[in-house]
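Here is the structure we will look at.
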Amino acid sequence: MTTLTFTKMNGAGNDFIMLDNRQGALKLDPSQIKSLCDRHRRIGADGVLVLETEFHNKATPFRMRYYNADGYEAEMCGNGARCFTRYIADLLDKKTGKIAFETQAGLIEGELLDDQVKLLMSSPHHIDLKQSISLLNQPHIVHSINTGVPHAVIFVSDLTNAPVVAAGRELRYHPRFAPAGTNVNFVQPISDNSIALRTYERGVEEETLACGTGVVASALIYHLLHNTSSLISVLVKGGDTLQVAFVSQPSTNSHSIQNLSHVTLTGPADFVFTGTILIS
């Protein structure tokens, strides 16, 4: 048995276990990560974030490794990255300023803004609008985009009664998005620059209270379909409102609708508690 020191954080209801592995001694396998995320028998979380040092990247000495609750690594997590920014800042006793770190989705920069954190995201890619896909034996219009991880977006008129788990799970495993699968977002417009969102998360395999990359994906798809301006407010199931800003310019590439860049995600990142736990 090994004693593991951890910090529990949450970003808009998306909760995470934070681990400091700057010394490189921590080696967790998928079954151990899955066990730590168990809400009934262990700490409980949507995922695990591990701080490592990557000195080969001259832009930053920090690396974020993100593992979903199923125990397997994913490229990026927006709400997790905001928490990760504040976690590093706390370790460094830093109250203001910016912190950059490596992820599998590229270099991410977080900025401390009082109780909020603003993330400068990697540029979105693999945008595909207006795909007709059958879900629950009914045709649906599905849009997809990668905002660090793959996301599908479906617009609905009644978000409260949307079949988030049933349709989300079917689309998550749909051959169109094989082999990696996709996260699935159900979106209801509120106003010209405001939407509400519910997300089925790949790797968690359930609906979560929030998903940062899903917030960004949904806001950007909403912009592309309706030509809305930056900034877009996104209300998530947990009750928080996050802000997505971006620069959008006409594309010179006939295969792309717009060039989207300087994408930022702003929202809360809160400490919950710290502790130790025995793992085997």
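For the sequence shown, position 166 (counting from the first letter as 1) is numbered 192 according to this note's numbering, and the numbering increases by one without interruption. Beta carbons: idealized from backbone N, C-alpha and C, even for Gly. Computed from a predicted model, the values in this text were never measured in an experiment.
Rounding to the nearest angstrom, what Cα-Cα distance links Tyr113 and Met44 in this structure? 8 angstroms
Rounded Cβ spacing between Gly70 and Phe42 (contact assumed at less than 8 angstroms): Between Phe42 and Gly70 the Cβ distance is about 10 angstroms, and since that is not below 8 angstroms, they are no contact.
Based on Cα-Cα distance, which residue from Asp116, Met90, Ala95, Asp55 lies nearest to Thr300? Asp116
Under a three-way DSSP split, which group does Val175 fall into? coil
Please state if the CB of Glu233 and the CB of Thr239 are separated by a distance shorter than 8 angstroms. no
Nearest neighbour of Arg65, chosen from Leu77, Lys34, Arg89, His249 [CA to CA]: Lys34
Quick one: Cα of Leu75 to Cα of Ala100, how far? 10 angstroms
Using 8 angstroms as the Cβ pair cut-off and three pairs as the minimum, do the stretch 256 to 269 and the stretch 119 to 139 touch? no
Exposure label - Gly136; buried when at least 16 CB within 10 Å: buried
Quick check on the DSSP output: the alpha helix (DSSP H) that includes Ala51 runs from which residue to which? Here Ala51 belongs to no alpha helix (DSSP H), and DSSP marks it neither H nor E.
Out of curiosity, what's the CA-to-CA distance linking Thr302 and Thr79? 22 angstroms
Helix, strand or coil for Arg65, going by three-state DSSP, please let me know. coil
Simplified DSSP assignment, three categories, for Tyr92: strand
His151: which of Arg89, Gly132, Gly264 sits nearest, CA to CA? Gly132
Pairwise C-alpha distance: His252 and Pro276: 14 angstroms
Minimum C-alpha distance to Pro205 - residue among Pro176, Ser244, Val242, Asp141: Pro176
C-alpha gap between Ala188 and Gln142, whole angstroms: 30 angstroms
What residue ranges within the stretch 118 to 170 form continuous beta strand (DSSP E) runs of no fewer than 3 residues, ordered along the chain? 123 to 129, 132 to 139, 142 to 146, 151 to 161
Whole angstroms are fine: how far does the CA of Asn163 sit from the CA of Phe297? 43 angstroms
Just to confirm, are Asn94 and Leu235 a CB contact at a threshold of 8 angstroms? no
From the DSSP output, read off the bridge partner residues of Leu185. Per DSSP, none; premise fails for Leu185.
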